[in-house]
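What follows is a short report on a single structure.
In the UniProt record's numbering, the protein residues as written are 1 to 289.
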């Protein structure tokens, strides 16, 4: 059974979900936009028998409360700094990472800074290659090139309930398999006063992630972490080519494309959990034995 906790990290009050025996190998689950650790609600109990599973809400998302002073600058370097401090605070010295969407550049920064801490990587639609970016990024890339008020305002369309629901159901064979509380909760949290500006700041700073792609790729080549990419092939933002590209830099990377969309856990949590347990059982558990 999952436990729901808060912990003080860098003067933030971070919310996180936790399950499993702390004596077991650990997995850090990192969510993306526009979600929170709630996206792992079905995955966590499937892993908890064999693993110690922890899923924080990143600052600006979910139930995490961001400090008011000094003001927190929302950018991916700072999100990664908070996550690193969080792992220290909860005593995660070695763990696998499951990275999705925004969780990928956060998790990959952690791996760059602390390569011995990260035992394995599961990338679920978590990109590190330019060939993985679809045309869905065009409006955001326009904002990178010219960060005008008009281009910023255009991106508010991504913050509506309709856009959030679309991210969940696009590319899914049966929309009735997607629980409405998922996108409804995300949209409600996005609608909190001031949260729109946080999300627009992160859209702008996503350019820093693309700039780091060569460093992430060098890490994959140099450290060769056990890596399993499990992607929804119908993701409107991160193309299957992004999953397949991992094998260029890590020839032993395992690639699996699923017939679903961006939020693959909504429809394929059982299959993803089974593949994770098989993969981690071969690399992490065996290595620790």
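For every residue, glycine included, the Cβ atom is placed at its ideal position computed from N, Cα and C.
Just to confirm, is the Cβ distance from residue i to residue j under 8 Å?
i, j, result
"residue 190", "residue 70", "no"
"residue 56", "residue 66", "no"
"residue 250", "residue 227", "yes"
"residue 120", "residue 280", "yes"
"residue 85", "residue 10", "yes"
"residue 196", "residue 221", "no"
"residue 265", "residue 14", "no"
"residue 36", "residue 4", "no"
Does the Cβ of residue i have 16 or more other Cβ atoms within 10 Å, making it buried, or fewer, making it exposed?
i, result
"residue 270", "exposed"
"residue 267", "buried"
"residue 176", "exposed"
"residue 272", "buried"
"residue 235", "buried"
How many whole angstroms separate the CB atoms of residue i and residue j, which I take to be in contact at a CB cut-off of 8 Å?
i, j, result
"residue 229", "residue 246", "5 Å"
"residue 171", "residue 232", "6 Å"
"residue 103", "residue 126", "6 Å"
"residue 51", "residue 26", "7 Å"
"residue 206", "residue 130", "With a Cβ gap of about 13 Å, residue 206 and residue 130 do not count as contacting."
"residue 106", "residue 79", "5 Å"
"residue 143", "residue 164", "Going by Cβ atoms, the distance from residue 143 to residue 164 rounds to 19 Å, so no, they are not a contact pair."
Would you identify the three-state DSSP class for residue i, choosing helix, strand or coil?
i, result
"residue 32", "coil"
"residue 256", "strand"
"residue 3", "strand"
"residue 232", "strand"
"residue 213", "helix"
"residue 93", "coil"
"residue 133", "strand"
"residue 13", "strand"
"residue 262", "coil"
"residue 142", "helix"
"residue 71", "coil"
"residue 52", "strand"
"residue 168", "helix"
Work out the CA separation of residue j and residue i for me, nearest whole Å.
i, j, result
"residue 262", "residue 137", "14 Å"
"residue 140", "residue 17", "31 Å"
"residue 154", "residue 204", "12 Å"
"residue 259", "residue 276", "17 Å"
"residue 92", "residue 24", "11 Å"
"residue 244", "residue 148", "35 Å"
"residue 168", "residue 117", "32 Å"
"residue 108", "residue 82", "14 Å"
"residue 53", "residue 94", "12 Å"
"residue 289", "residue 40", "Residue confidence for residue 289 is low, a pLDDT of 48 falling below 50, so the modelled location carries little weight; the figure read from the coordinates is stated next. So the two alpha carbons sit approximately 27 Å from each other."
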